[in-house]
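Participant:
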């Protein structure tokens, strides 16, 4: 099972990576390592993250205050976005059509 990322999710991750990299190259790389762990966790246990809204699940990054929102679709998990934990939840709900 392969985890797919929407273009919006990839853009979210790129923005967050750039923000952390400006604060230090090592910090940006640590952020990427934390992000890379999420698809592995989703592939291993796709239903382990809590469902937060109509099939949308939320996986937390380790060490960073970010949440990865994803759906389990017939073709495999699809990441809708990666948002700072303090961000308004309506942002990811809009992407999910909720």
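In the numbering used here, the protein residues as written are 0 to 97. Even for Gly, the Cβ is constructed at its ideal location relative to N, Cα and C.
Work out the CA separation of residue 61 and residue 46 for me, nearest whole Å.
Facilitator: The straight-line gap from Cα to Cα measures roughly 18 Å.
Participant: Check this for me: beta carbons of residue 76 and residue 38, under 9 Å apart or not?
Facilitator: Contact: yes.
Participant: For residue 59, which three-state DSSP category applies?
Facilitator: Residue 59: strand per DSSP, three-state reduction.
Participant: Candidates 34, 78 and 14: which alpha carbon is nearest residue 63's?
Facilitator: The residue with the shortest Cα to Cα distance from residue 63 is 34.
Participant: Since residue 58 contacts residue 41 with CB under 8 Å, what's their CB separation in whole angstroms?
Facilitator: The pair is a contact, with the Cβ atoms about 6 Å apart (cut-off 8 Å).
Participant: Below 7 Å CB to CB, which residues in the same chain sit around residue 30 once its five sequence neighbours on both sides are set aside?
Facilitator: So the qualifying residues of the chain are 15, 16, 19 and 63.
Participant: Considering only the beta carbon of each residue, do residue 78 and residue 67 sit closer than 9 Å?
Facilitator: Yes, the Cβ-Cβ distance between residue 78 and residue 67 is below 9 Å.
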